[in-house]
Structure formats: C-alpha cells, structure tokens
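Its first residue numbered 1255, the sequence shown is counted upward by one per residue in the working numbering.
Cβ atoms here follow ideal geometry from the backbone N, Cα and C, with glycine treated the same way.
This report concerns only the one structure given below.
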Amino acid sequence: MIDKRCATPAAAVADIFDGATVMIGGFGEAGSPIELVHALIDRGTRDLTVVSNNTGSGEVGLAALIRNGQVKRMICSYPRTANSTVFPELFRAGKIELELVPQGTLAERMRAGGAGIPAFYTRTAVGTVLEEGKEQRNFEGHTYVMERGLRADFALVKAWRGDRYGNLLYNKTARNFGPVMCTAARTTIVQVQAIVPAGAIDPECVITPGIFVTRVVEVREPLQESLLVKAEALPAGVGWDRDAMARRLALDIPDGAYVNLGIGMPELVAQFVPEDREVFYHVENGLLGMGPAPAPEQADPELINAGKKPVSAVPGAAYFHHADSFVMIRGGHIDICVLGAMQVSRNGDLANWSTGEVDAIPAVGGAMDLVAGVKTIYVITQHTTKTGEPKLVERCSYPLTGKRCVDRIYTDLAVIDITPQGPVVIALAPGVTFDQVQARTGTALIAGPGL
C-alpha cells in the first residue's frame, strides 16, 4: 500500500543529514514551508547547501536557519529582499558562501536536473560576470553559455492540498518553484494545508504527480512570514514626477501586449495604461493576468507580484510554476519588459543588479533572463543618481545585466531611444530643454525630429 503521509514536520525531516543539499520552496513568503524549515532548525542539521530564490525575511524560516549557523552555502537568485538582514550580515563577514544564479536559469537548472539532463545552453548572462568560467557555444549567430542541471538530496515544499499518494495542488503564486523542486530532489518533503482522501483530487487538476513526492505532512494553519516579521515603515508618498514618467511609458504599451513589470518604479506603469487597451501582465513568480492591488483586508499572502506585494488576478488569468514562467520569458513570448536601472550605456547595455563594490550584496533575480528573452526592453529611471551622476553613460562601469538590450529609456527629463547611431531624445518633459538633458548625460545625445 502506498501511503506517503507523515505525522509531524519533525518526523518528515528526521533523515536530513549534515552536509546535505536542500531545496527550499517559496518566492518571498508565498509558498515558503516555514514549519518544515523550523523543524530542520530544531533537528540541528549543519553544513547545508540551500537552494532557494531568496534568503528569508527577518529571523524566521530560512533566515532563522541561516542565523542558526546551519547553512554554509546559498545557491539563489535574489538574496537582497526587503527585511533580509541575516544573510547580508553573514555574507559580508565571510561566514556564508553564495552562488548567484539568474532566476530563470535557477528554475531551468532544477527542471533539467529533475529530467536527467546534465546541462543546457542559454543566452541569459551572456556578456556579464556570471558567464565567467562557463563553456560558451555559438548557435545561429548567437552566443550561449552552458549551465548544469541542478539536483538536491532533499526538497522542502509547501502546497495547498495533497493525498496519501503525494499528488499535489498549489495555491495561486505559491506554486512558484515547488513543482520543479519536487522533480529535482531525491527526497521531496511537502507540507500541505489538508490531506484529502485518495481520489478527491481530479486527475486533470493534479499539478505535481505523487511519483515526485516522498512525504506529505499536514499543517492546517501554516505560518506566513509577513505575520512574523515586523513591518517596514511605509515608503514616502509617490511624487508627481514618478507618476508622470509611468504615465508617459504606459501610453507606449499597445493593446493586446503581454508585459512584465520589474519591481519598484516599473510597477507604477500598470495603473496608467489607457482603459481602452487590454494588457496582460506577466508576473515571473507564476501569474499571467495580474490585476490591481486588493484592499488590505482582501490581500492574499499567496497571491503576490515579483516585488512581493499583494495583487489580484483578472478574469482569464492563469497560474503556473517557475520553470513555465521563464519559458514565457526566455522563449520570447513576452512583448515588453519594464525595468529599473543603475546605468545604461549609449549602445543599450544595462546594469541594474550590482554596483560591484566589495560589500555590496549582489541580487540578479530575473533581470538577466528578461533582457535576454523579452522582445522589447524599456527602462524607467531617474536621469541622474541622488548625487547628480548620470545614469545614461558612454560605457557602464557597473557589472552588466545584458549587452545591447535596452530599446528605450524613460527618465524624469526625457524619453530616449537607443539606436545604432546613438541615443536619440524623442520627447522632453515640460519645461526641460535638450541642452539641460545633455548637460546631465554622460554621453552625446542626438536631438530627435521636432526638438
């Protein structure tokens, strides 16, 4: 008789050994298996290599595991999230190792590992420091880097419903990395809110088949990180300048477009797209059809955007796991991506993930995947830094996110197209002259028609 039910989280993690590689699901708090992680903390297993998108918040869940000195190495995409203080402190002190992997590559490495594929080629990270030391090949005139499949000894995953066979359903964007982690681990341990009778899950609806699951433990009222971590102070009110930039960019998004919005200022764009245009927003953590933010009392911690903020889903929306999300990105199915920037060069190189300083915590997230795969890249950013340094420069001095990938830049002063001839100013903010923009730019500009 097949029965994968386990009585407690402690019993479920009892065989995780020192030095193991452990995948831990979740994107921010959505899908984070806190009870399993806390059981692992109680067990005291040490010298772990942990594979996860982030490094935890506050001092709960994964962050608590790291704080407890049980993790020697992190393989992750974005270790610099809000309320992530434990990992940066230990990383700067040289007490924990980091392998930084672009988010889509991380998901694809897991999927490859689970499928028995030892390696694959991708354009993501080409021309950046993350390509260093990796084999490169040319296919159809484009350079690709080789990435290796990723396997783990254990995976800790959170799902919504499961049965004794290990068949799983997930809740909204809490799916994220869960399904691919289940395939990539030798032992997969899943906490679910309810274990239902065999046959209660429609076979057409099973997301992770039980063959990929080793143990299922019921946690009826799972904890959420946001309820355990002290809330941050609210940010300063969004000024007119930021709104005006977002509104100007929104006018350039056509009806019927599939659009990915980066975190921060790019998120503002959605609220200004004209009502007569239907735009489908893609969220890299597993949602196509993002809607506006809900009222606070209606927020669901398992329905969030890439910035870990609560969102809604519009009619016609779909949820999916991380690897499928990045198929949409890396396969060229997304029309437009809007990103922030630290620097953009005159030929469209983008730097937006690290300053390269010794004590800076690098965090690439999905940016390298987006610039390599999305059809059109728009950047929205202040024209200069807080200290007055130009962000549009002759050549980027920061580590690159991608080469020759930016198509257009929207700043508080102007809209600038990146062309083979150089950056062309196509629109000026009210009251701003071309000469004023040039004086605040680190490379020669071209005045577009009518300026």
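Just to confirm before moving on: does the CB-CB distance between residue i and residue j stay below 7 Å?
i, j, result
"residue 1502", "residue 1358", "no"
"residue 1555", "residue 1283", "yes"
"residue 1691", "residue 1354", "no"
"residue 1291", "residue 1317", "no"
"residue 1213", "residue 1415", "Past the edges of the chain, shown from 1255 to 1705, lies residue 1213, and the structure says nothing about it."
"residue 1303", "residue 1327", "yes"
"residue 1560", "residue 1615", "no"
"residue 1270", "residue 1466", "no"
"residue 1429", "residue 1575", "yes"
"residue 1360", "residue 1338", "no"
"residue 1498", "residue 1523", "no"
"residue 1420", "residue 1470", "yes"
"residue 1652", "residue 1582", "no"
Residue i: buried (16+ other C-beta within 10 angstroms of its C-beta) or exposed?
i, result
"residue 1646", "buried"
"residue 1486", "The pLDDT assigned to residue 1486 is 39, lower than 50, so where the model puts this residue is not dependable; a value taken from the coordinates is nonetheless given after this. With fewer than 16 Cβ atoms within 10 Å of its Cβ, residue 1486 is classed as exposed."
"residue 1493", "Note that residue 1493 scores 28 on pLDDT, short of 50, meaning its location in the model is unreliable; the coordinates nonetheless yield the value given after this. Per the 10 Å Cβ criterion, exposed."
"residue 1623", "buried"
"residue 1459", "exposed"
"residue 1505", "exposed"
"residue 1255", "exposed"
"residue 1462", "buried"
"residue 1346", "exposed"
"residue 1620", "buried"
"residue 1695", "buried"
"residue 1274", "buried"
"residue 1488", "Residue confidence for residue 1488 is low, a pLDDT of 29 falling below 50, so the modelled location carries little weight and cannot support an answer."
"residue 1684", "exposed"
"residue 1612", "exposed"
"residue 1528", "exposed"
"residue 1521", "buried"
"residue 1586", "exposed"
"residue 1324", "buried"
Would you identify the three-state DSSP class for residue i, choosing helix, strand or coil?
i, result
"residue 1576", "helix"
"residue 1681", "strand"
"residue 1505", "coil"
"residue 1552", "helix"
"residue 1619", "coil"
"residue 1667", "coil"
"residue 1426", "helix"
"residue 1521", "helix"
"residue 1565", "coil"
"residue 1266", "helix"
"residue 1431", "coil"
"residue 1321", "helix"
"residue 1358", "helix"
"residue 1486", "Confidence at residue 1486 is low in this model, with a pLDDT of 39, below 50, so the placement of that residue should be treated as unreliable; the coordinate-derived value is given next. In the structure shown, residue 1486 sits in coil (DSSP, three-state: anything other than H, G, I, E or B)."
"residue 1477", "coil"
"residue 1692", "helix"
"residue 1300", "coil"
"residue 1605", "strand"
"residue 1292", "helix"
"residue 1342", "helix"
"residue 1271", "coil"
"residue 1315", "helix"
"residue 1305", "strand"
"residue 1334", "coil"
If you draw a straight line from the alpha carbon of residue i to that of residue j, how long is it in whole angstroms?
i, j, result
"residue 1300", "residue 1656", "37 Å"
"residue 1548", "residue 1395", "46 Å"
"residue 1321", "residue 1402", "29 Å"
"residue 1373", "residue 1649", "33 Å"
"residue 1371", "residue 1400", "12 Å"
"residue 1550", "residue 1562", "14 Å"
"residue 1351", "residue 1397", "29 Å"
"residue 1442", "residue 1379", "30 Å"
"residue 1392", "residue 1375", "10 Å"
"residue 1452", "residue 1468", "16 Å"
"residue 1540", "residue 1368", "19 Å"
"residue 1533", "residue 1427", "20 Å"
"residue 1681", "residue 1687", "10 Å"
"residue 1298", "residue 1383", "35 Å"
"residue 1675", "residue 1699", "10 Å"
"residue 1307", "residue 1286", "11 Å"
"residue 1542", "residue 1389", "34 Å"
"residue 1606", "residue 1545", "26 Å"
"residue 1259", "residue 1454", "15 Å"
"residue 1484", "residue 1315", "Model confidence at residue 1484 stands at a pLDDT of 39, short of 50, so the residue's coordinates are unreliable and nothing is read from them."
"residue 1277", "residue 1305", "4 Å"
Exercise. Inspect the CB distances between the segment 1662–1670 and the segment 1628–1645 and report whether three or more fall short of 8 Å.
Key: yes
Quiz item: Can you find at least 3 beta carbon pairs, one from the segment 1598–1606 and one from the segment 1566–1581, that sit closer than 8 Å?
Solution: no
Quiz item: Do the segment 1357–1372 and the segment 1420–1438 meet, that is, are 3 or more Cβ pairs less than 8 Å apart?
Solution: yes
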